[in-house]
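If you're matching them up, the sequences are chains E and W in order. If you're matching positions, the first sequence starts at 38 in my numbering and goes up one per residue. If you're matching positions, the second sequence starts at 1355 in my numbering and goes up one per residue. Working notes, beginning with the structure itself.
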Amino acid sequence: MYCYRLFDRHIFSSLELKLLYRVNHDKEPDQRDVLIEWSSIPVMPDGPLCAGHKMWGIFVLRAEEGVWAVLPRTGFVVWVPKSGTRLTVHPDLSQMSKHEQITRPLRDVANSLVTGLLSRLPAMWGELPLHAAMLKAPEGYLLLAGVSGVGKSTLSQILARRHGWTILDDDSCMASITDGELKVTPMGGMARLRADAADRLRLSGTILTGYTDGKVMLQKETTSIILPERTPVIALIYLSRNKHSSKQTSNSYITRLDAANAVMQASTIAIGLDRKSLQWLTNRFYVATQFGKNANYSIIYNQTQTPEEITDDIEKLYTECS
Amino acid sequence: MSYKRSPDALHAEVNGSLILMNVESLAYFEFNDVAKRIWEFLSDEIRSQEQIITVLIDEYDVKPEHCKSAVATFLKQALEKGFVVEA
């Protein structure tokens, strides 16, 4: 069995999950840990669609005792029980005719599992998964949020290189409220960069299959589990690209969000498996209100700006709120 | 007419502001000081429109006709957004 870190738990799988940090762990999984079982029995999942979009690479169907996560790009479906701890990966019967053979490279399935499903799994544990990179800076955690391709990984790499900050995760983290305080935990995924961004930063890594923009995985090293600490969140920064600006010299449009906008924005970066789940919606609201108490900024950058210029803006905001 | 808080409404205080969300409509709302006072007054009780107006006139320097009009507007919006329900 391979053992990895997944947020503040361990995850066990008989197949490799290359996008997660492997840990040395010789114990049997306990009830809290996540166990992935790989089944050869094809199934046809059934239930109402409760989340999903073709861009996500995942569709989620609600069943009585859990949810089915359909990974259409790979032709596999995953049964996720309500506990969110015993996952079974099946070949998808509805996709079988589309494949020459059912044994597609399991590497693709495993990668797709990590990015599509496992990052959302805390929603089943009663926690709130967030689509945001997480860095540890001297004054506390800095979160960079935004849609895929906005630059979370690239900007994280530049910030880490300039200041020695630690990239705890460049894509996903989990938020919860413990004793009335906001706690954020990184997912534990490998750093991934678009190939052009890796070239620009003179970084190299393994090319990942299944990504249309040619992502590369930057590191492959064994690391020990990073336990959550009582570290404050210094700022949450929402990144977006202004696709309509034609000015060559314009700067970023930076705003500090008021409480109501901060709460609404924090809600938009929350990801889940059943987006109508009352538990998830309630968690989302209360965690978002905790974020609303911190410094929240929006950076809308111009597409002519370099990553280094946007990083300068982030540094100024960090200085302002620390 | 009497009103109470909607069971679908979540609320939390954020840096002095009262933020609400309706879990059915997913609508967000930020209450001002007077709206916060009405929300607090509703608490877990059913309150009539007249009771709300009486409390506000008692606590705020406001003319009764202005207060009635403001309370009616607030209740209409809060009903539409699903933060209060008729009882």
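For every residue, glycine included, the Cβ atom is placed at its ideal position computed from N, Cα and C. In this text the structure is predicted, and so the values were computed from the model without any measurement.
Mind listing the chain E neighbours of residue i? Cutoff is C-beta to C-beta under 7 Å, in chain order.
{"i": "W:M1375", "result": "F322"}
{"i": "W:V1368", "result": "A296, V300, T326, G329, K330"}
{"i": "W:S1371", "result": "A296, A297"}
{"i": "W:Y1414", "result": "Within chain E, no residue comes near W:Y1414; the closest Cβ sits about 23 Å away, beyond 7 Å."}
Cβ closer than 8 Å: which chain W residues qualify as neighbours of residue i?
{"i": "E:G89", "result": "The premise fails here: E:G89 is roughly 18 Å from chain W at the closest Cβ pair, so nothing lies under 8 Å."}
{"i": "E:T319", "result": "L1364, V1377"}
{"i": "E:L315", "result": "V1377"}
Give the straight-line distance between the Cα atoms of residue i and residue j, rounded to the nearest whole angstrom.
{"i": "E:A100", "j": "E:A88", "result": "13 Å"}
{"i": "E:A169", "j": "E:P269", "result": "16 Å"}
{"i": "E:Q68", "j": "E:T222", "result": "20 Å"}
{"i": "E:T260", "j": "E:L43", "result": "Confidence at E:T260 is low in this model, with a pLDDT of 47, below 50, so its placement is unreliable and the value that follows should be read with caution. Taking the straight line from one Cα to the other gives about 13 Å."}
{"i": "W:L1374", "j": "E:V126", "result": "39 Å"}
{"i": "E:A174", "j": "E:T203", "result": "7 Å"}
{"i": "W:V1409", "j": "W:V1377", "result": "29 Å"}
{"i": "W:I1407", "j": "W:A1426", "result": "9 Å"}
{"i": "E:L52", "j": "E:G217", "result": "38 Å"}
{"i": "E:F113", "j": "E:L54", "result": "15 Å"}
{"i": "W:S1356", "j": "E:K220", "result": "41 Å"}
{"i": "W:E1399", "j": "W:L1372", "result": "19 Å"}
{"i": "E:E65", "j": "E:R229", "result": "30 Å"}
{"i": "E:A182", "j": "E:T292", "result": "15 Å"}
{"i": "E:C358", "j": "E:D208", "result": "23 Å"}
{"i": "W:H1420", "j": "W:Y1414", "result": "11 Å"}
{"i": "E:R231", "j": "W:N1386", "result": "45 Å"}
{"i": "E:L318", "j": "E:G163", "result": "10 Å"}
{"i": "E:K189", "j": "E:I351", "result": "12 Å"}
{"i": "W:N1369", "j": "E:S50", "result": "44 Å"}
{"i": "E:M171", "j": "E:D233", "result": "22 Å"}
{"i": "W:A1389", "j": "W:V1438", "result": "12 Å"}
{"i": "W:W1393", "j": "W:A1432", "result": "10 Å"}
{"i": "E:L91", "j": "W:K1422", "result": "For the record, residue 91 of chain E in the displayed sequence is Lys; it is not Leu. Distance between the alpha carbons of E:K91 and W:K1422 is about 51 Å."}
{"i": "E:A307", "j": "E:N320", "result": "10 Å"}
{"i": "E:Q342", "j": "E:T191", "result": "13 Å"}
{"i": "W:E1367", "j": "W:S1397", "result": "15 Å"}
{"i": "E:H200", "j": "E:M227", "result": "20 Å"}
{"i": "E:L273", "j": "E:K313", "result": "25 Å"}
{"i": "E:S287", "j": "E:C40", "result": "48 Å"}
Name the DSSP bridge partner or partners of residue i?
{"i": "E:T122", "result": "Per DSSP, none; premise fails for E:T122."}
{"i": "E:V80", "result": "E:D129"}
{"i": "E:R42", "result": "E:H47"}
{"i": "E:N339", "result": "E:N279"}
{"i": "E:K313", "result": "For E:K313, which the question treats as bridged, DSSP gives no partner whatsoever."}
{"i": "E:I308", "result": "Beta-bridge pairing links E:I308 to no other residue."}
{"i": "E:V107", "result": "E:F96, E:V114"}
{"i": "E:C210", "result": "E:L167, E:P223"}
{"i": "W:S1371", "result": "W:V1368"}
{"i": "W:S1402", "result": "W:S1356"}
{"i": "E:L180", "result": "E:M171, E:L273"}
{"i": "W:F1383", "result": "W:L1374"}
{"i": "E:V290", "result": "A quick correction: the sequence has Tyr, not Val, at residue 290 of chain E. DSSP lists E:I337 as partners of E:Y290."}
{"i": "W:T1408", "result": "W:T1408 pairs with nothing; no bridge assigned."}
Residues in its own chain within less than 6 Å of residue i by CB, not counting five upstream and five downstream?
{"i": "E:A325", "result": "V300, A303, S304"}
{"i": "E:N331", "result": "V270"}
{"i": "W:Y1382", "result": "M1375"}
For residue i, which residues of its own chain have a beta-carbon under 7 Å away from its beta-carbon, when the five flanking residues on both sides are left out?
{"i": "E:S149", "result": "G94, L108, R110, T111, G247"}
{"i": "W:V1450", "result": "The question about residue 1450 of chain W has no answer, for chain W in this structure spans 1355 to 1441."}
{"i": "E:E345", "result": "I195"}
{"i": "E:G329", "result": "A296, A299, V300, A303"}
{"i": "E:S193", "result": "A170, L172, L181, I204, D207"}
{"i": "E:G177", "result": "T268, P269, V270, I271"}
Enumerate in chain order the residues of its own chain whose CB-to-CB distance from residue i is below 8 Å, with the five nearest sequence positions on each side excluded.
{"i": "E:V117", "result": "G103, V104, W105, A106, L124, L154, L158, M161, L310"}
{"i": "E:V187", "result": "L276, S277, R278"}
{"i": "E:V97", "result": "L86, C87, A88, G89, V104, W105, A106, V107, L310, D311"}
{"i": "W:G1436", "result": "S1360, D1362, A1363, N1376, E1378, S1379, A1381"}
{"i": "W:Q1403", "result": "M1355, S1356, Y1357, V1425, A1426, L1429"}
{"i": "E:R198", "result": "L238"}
{"i": "E:K252", "result": "R229, L230, R231, A232, I244, L245"}
{"i": "E:S156", "result": "P166, H168, D208, S209, M224, G226, I308"}
{"i": "E:A147", "result": "S50, L52, E53, L54, K55, L56"}
Is the closest heavy atom of the ligand NAD to the C-beta of residue i under 8 Å?
{"i": "E:G329", "result": "This structure lacks the ligand NAD, and indeed carries no ligand of any kind."}
Give the residues of chain E in contact with residue i, contact being defined as C-beta atoms less than 9 Å apart.
{"i": "W:E1394", "result": "Going along chain E, no residue has its Cβ under 9 Å from W:E1394, so there is no contact; the nearest lies around 17 Å."}
{"i": "W:Y1357", "result": "Going along chain E, no residue has its Cβ under 9 Å from W:Y1357, so there is no contact; the nearest lies around 22 Å."}
{"i": "W:E1419", "result": "Neighbours of W:E1419 on chain E: none; closest Cβ ~30 Å, over 9 Å."}
Check the Cβ of residue i against every Cβ in chain E and list those closer than 8 Å, keeping chain order.
{"i": "W:E1434", "result": "Per Cβ cutoff of 8 Å: no residues; W:E1434 is ~18 Å from chain E at best."}
Any 3 or more C-beta pairs closer than 8 Å across the stretch 318-334 of chain E and the stretch 208-224 of chain E: yes
Three CB pairs or more closer than 8 Å across the stretch 71-80 of chain E and the stretch 236-243 of chain E: no
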